[in-house]
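Only one structure is covered here, and it is reproduced in the block below.
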Amino acid sequence: MLKYGYILFIALGFAACNNNEKDIPPPEIFLKMPNDGFDFDTDSAVVIEPKITYDINSEYAWYEEGITEAIHNDKDYTFENRALGLYRFIFSVETPYGSDTMHIKVHSLDINSFEEFDDFNENGYNNTPENNLHQFKYVQYPCLPGTPDADEWSGFAVSKNASTSNSASRGEFSAYGRTAAEESDNFMIFKQQDGYSNRISFADNKAHTLKSIALNNCTRSYLYMQSGFNKKEGKDYFLLTITGYDSAGNPMGTPAKFLLADYRPQATADKFIVSEWEELSLSELGAVHQLGFQLSSSRDDDAEFELPMYFCLDNLKISK
Numbered sequence: 000m001l002k003y004g005y006i007l008f009i010a011l012g013f014a015a016c017n018n019n020e021k022d023i024p025p026p027e028i029f030l031k032m033p034n035d036g037f038d039f040d041t042d043s044a045v046v047i048e049p050k051i052t053y054d055i056n057s058e059y060a061w062y063e064e065g066i067t068e069a070i071h072n073d074k075d076y077t078f079e080n081r082a083l084g085l086y087r088f089i090f091s092v093e094t095p096y097g098s099d100t101m102h103i104k105v106h107s108l109d110i111n112s113f114e115e116f117d118d119f120n121e122n123g124y125n126n127t128p129e130n131n132l133h134q135f136k137y138v139q140y141p142c143l144p145g146t147p148d149a150d151e152w153s154g155f156a157v158s159k160n161a162s163t164s165n166s167a168s169r170g171e172f173s174a175y176g177r178t179a180a181e182e183s184d185n186f187m188i189f190k191q192q193d194g195y196s197n198r199i200s201f202a203d204n205k206a207h208t209l210k211s212i213a214l215n216n217c218t219r220s221y222l223y224m225q226s227g228f229n230k231k232e233g234k235d236y237f238l239l240t241i242t243g244y245d246s247a248g249n250p251m252g253t254p255a256k257f258l259l260a261d262y263r264p265q266a267t268a269d270k271f272i273v274s275e276w277e278e279l280s281l282s283e284l285g286a287v288h289q290l291g292f293q294l295s296s297s298r299d300d301d302a303e304f305e306l307p308m309y310f311c312l313d314n315l316k317i318s319k
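In this text, residue positions in the sequence shown follow numbering that gives the first Met the number 0: the first is 0, and each later residue adds one.
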């Protein structure tokens with residue numbers, strides 16, 4: 000009697016194993032991807048690493064739009080050596096228990112992140128470029144040095160300073176916060192002076208399409224607005240307008256506008272001063288030969304309150 004009971008126990012054990020095998024779910028792909036897809040620099044090699052649940056005896060395949068055969072058969076894919084443009088991929092995984100697929104978009108861009116720059120002075124900035132031009136890849140940023148103490152400089156300077164408090168010359172060359180965009184080190188700061196160039200251009204003399212730019216307030220401007228703007232009056236604002244120009248210097252496309260501060264909304268909760276890096280789309284500008292920056296505010300004609308005309312920029316993304 001015990002012998003038969005033992006045989007029955009083993010049989011039930013095998014059945015339980017079989018049931019467990021049948022209960023294994025199909026795989027699922029997970030990938031933290033921005034809504035508009037990934038933005039990768041043409042100078043970098045980036046590994047796309049999907050995460051897969053129930054990744055058991057899996058077979059993988061990467062397909063690219065317009066190509067019928069798989070271009071890659073490992074789980075991870077390295078994106079590199081691609082021309083500017085938008086690339087669409089389909090990643091699939093198949094196991095004995097099912098399959099899953101995911102569509103992945105990648106923008107191959109020239110990104111001016113300024114991270115390769117290391118020629119800073121002892122205060123962590125540089126506003127004395129050779130030939131009055133900072134050049135990153137083929138983008139040229141004009142900077143006109145002023146007096147030795149930097150009071151009269153204008154245009155664009157490279158900086159690695161980030162702070163929430165003003166301090167001598169560093170406050171003038173600091174982004175508000177703790178880092179450059181995306182927790183990087185370097186960024187560009189713009190100082191507006193009447194009568195001086197406020198446009199960047201391309202060294203190859205070609206028209207280029209821009210995807211976006213990261214923007215933030217300069218520490219000095221932020222603190223001036225925080226103490227000098229009047230929330231109750233409901234009229235103060237600080238506006239950046241970005242305009243594209245053709246080869247003849249004529250404006251084109253729809254200018255992009257970005258409010259660095261706005262106290263005009265009626266509700267107190269809607270009033271703000273930008274205090275962190277934000278991305279602004281530049282796609283509506285079209286293909287441009289130059290990009291111009293213009294700061295304006297509610298205090299432009301106020302002789303008693305002179306707002307420092309600065310803003311910070313990072314990650315200028317060129318898509319074509």
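The beta carbon of each residue, even a glycine, is placed where N, CA and C say it ideally should be.
Around the beta carbon of Arg219, a 10 Å sphere encloses 16 or more other beta carbons of the protein chains shown; the residue is thus reported as buried. Under the 10 Å beta carbon count, Ala161 is surrounded by 16 or more other beta carbons and is classified as buried.
Counting only unbroken stretches of 3 or more residues, the beta strand (DSSP E) elements lying wholly within the region 232-259 are 236-244, in sequence order. Taking 7 Å as the cut-off, the beta carbon of Tyr53 is found closer than this to the beta carbon of Pro24. Secondary structure of Leu222 (DSSP, three-state): helix. Taking every protein chain shown into account, the CB of Pro49 has 16 or more other CB atoms within 10 angstroms, so this residue is buried. Its Cα nearest to that of Glu79, the residue Asp40 stands out among Leu290, Ser57, Asp40, Asp99. As summarised for the region 257-304, there are no continuous alpha helix (DSSP H) elements at least 4 residues long confined to that stretch. Phe228 sits buried, since 16 or more C-beta atoms from the chains shown fall within 10 Å of its C-beta. For Ile55, there is no enclosing beta strand (DSSP E), as DSSP gives it neither H nor E. When rounded, the separation of the alpha-carbon atoms in Thr94 and Glu27 is 10 Å. C-alpha of Thr242 to C-alpha of Asn120: approximately 31 Å in a straight line.
Proximity to Lys230 across Gln265, Gly285, Ala69, Thr240 peaks at Gln265, based on C-alpha coordinates.
For the pair Ala206 and Ile51, the Cα-to-Cα distance works out to about 42 Å. Annotation for Asp203: Tyr137 place their beta carbon closer than 7 Å to its own, counting only its chain and skipping 5 residues before and after. With a contact defined as Cβ atoms closer than 8 Å, Tyr236 and Leu214 miss out at about 15 Å. Tyr76 and Ile47 have their C-alpha atoms roughly 5 Å apart.
In this structure, DSSP gives Glu171 a helical state, which the three-state scheme calls helix. Listed in chain order, the non-local C-beta contacts of Asn72 below 8 Å within the same chain comprise Glu58, Tyr59, Ala60, Trp61, local neighbours out to five positions each way being set aside. Judged by beta-carbon spacing, Ser164 lies beyond the 7 Å limit of Lys316, meaning their Cβ atoms are not closer than that value. For Pro141, same chain residues with a beta-carbon under 7 Å away, outside a window of 5 residues either side, are Asn131, Leu132, Gly154, Phe155, Ser196 in chain order. For the pair Ser107 and Gly233, the Cα-to-Cα distance works out to about 43 Å.
In this structure, Cys217 places its C-beta atom within 7 Å of the C-beta atom of Tyr309. Under the three-state reduction of DSSP, Asn111 is assigned to strand. Secondary structure at Ala206: coil, using DSSP grouped into helix, strand and coil.
Here Phe271 is exposed. Its C-beta has fewer than 16 other C-beta atoms within 10 Å. Pairing Ser295 with Leu238 gives a Cβ-Cβ distance under 7 Å. The bridge partners DSSP lists for Leu214 are Glu277, Leu312. Thr127: not part of any beta strand (DSSP E); DSSP gives it neither H nor E. Excluding the 5 residues flanking it on each side, Glu278 has same chain C-beta neighbours closer than 6 Å at Ser211, Ala213, in chain order. Look at Gly97 here: in three-state DSSP terms it is strand.
Rounded to whole angstroms, the separation of the alpha carbons of Asp38 and Tyr244 is 25 Å. The criterion of a C-beta distance shorter than 7 Å is satisfied by Asn125 and Asp118.
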